[in-house]
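Please read the structure below before turning to the comments.
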Amino acid sequence: MNAVLTKPLATNSNQPPNISSAVSIKVQASHNAGSSASEQPTVLADIYQSNINIAIWQRNFDQELTGEISEFIALNPNFSKSINLSPENAYEKLEFATDGTASKALLGNMVELVDMFCCLFELEEVGLRLAVLNQAMCPRFHFDQVPCRLVTTYHGTATQWLPNYAVDRSKLGRGSNGQPDSASGLYSHESDIQELSSGDVALLKGERWGGYENAGLVHRSPVTAPDETRLLLTLDFG
-13 MNAVLTKPLA TNSNQPPNIS SAVSIKVQAS HNAGSSASEQ PTVLADIYQS NINIAIWQRN
47 FDQELTGEIS EFIALNPNFS KSINLSPENA YEKLEFATDG TASKALLGNM VELVDMFCCL
107 FELEEVGLRL AVLNQAMCPR FHFDQVPCRL VTTYHGTATQ WLPNYAVDRS KLGRGSNGQP
167 DSASGLYSHE SDIQELSSGD VALLKGERWG GYENAGLVHR SPVTAPDETR LLLTLDFG
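The numbers in our numbering rise by one with no breaks, and the one at position 11 of the sequence shown is -3.
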């Protein structure tokens, strides 16, 4: 599989050809055990490294896009849809799925991620889920039974995760003996918990990545305030 992001983005003529004006890309990179983070989108290709189970493209949205995201949430407080799409039909399908309530910039942003994900893993189609969340979708730490999943939070508190060195995997699921993660011994210190920022794009390696059994990224939905709303997008292999 090709791990270089070289395919042109936004191939549909109805799509904005570039969303860089709406996204501020930072310039520093960091590499820690099991993770790779950078302000450049090419960092996502690091997911192919055997010692990496999360690759993070760090992004900031400009004020205009941030406002359009908030407007979308206000118009769709209970929005939740899952669709299969390709880079060629993503803009049209997303525009239809959102009933015309998503701005061109927001649609273009999502389409770019579809195109990048397909390019990185040589996929013709992906499964996309877009949801406005008012409570934690997966409050317990867990790993995904997928090869790899793209996750980004457009608004609100973002996904939390644990580095490999900080996890006692025997305490996952039934291994917790009914205790909360904070008391089961799954991790030692609250400071072990890492958190993405709103806008970050992360690739989370799962248990079905070839040769990666018992090493998928351990993560959870964040703990949020009672009145907090999130807008979450995920991409999976189609």
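Where a beta carbon is used, it is the ideal one built from N, C-alpha and C, also for glycine.
Between Leu116 and Leu219, the C-beta spacing is below 9 angstroms. For Asp48, the closest C-alpha among the options Gln131, Cys104, His141 and Thr28 is that of His141. Distance check between Gln165 and each of Phe127, Trp43 and Ser89 places Phe127 closest, using alpha-carbon atoms only. Around the Cβ of Glu181, a 10 Å sphere holds fewer than 16 other Cβ atoms; the residue is exposed. Ala201 is the residue among Val187, Ala201 and Thr210 whose C-alpha sits nearest the C-alpha of Ile38. Gln180 is bridged by DSSP to Trp147.
The three-state secondary structure of Phe47, taken from DSSP, is strand.
Contact between the region 186 to 194 and the region 25 to 40 is present: three or more C-beta pairs spanning the two stretches fall below 8 angstroms. Closest by C-alpha distance to Ala88, out of Leu71, Leu99 and Glu54, is Glu54.
Listed as beta-bridge partners of Ala188 by DSSP are Ile42 and Val137.
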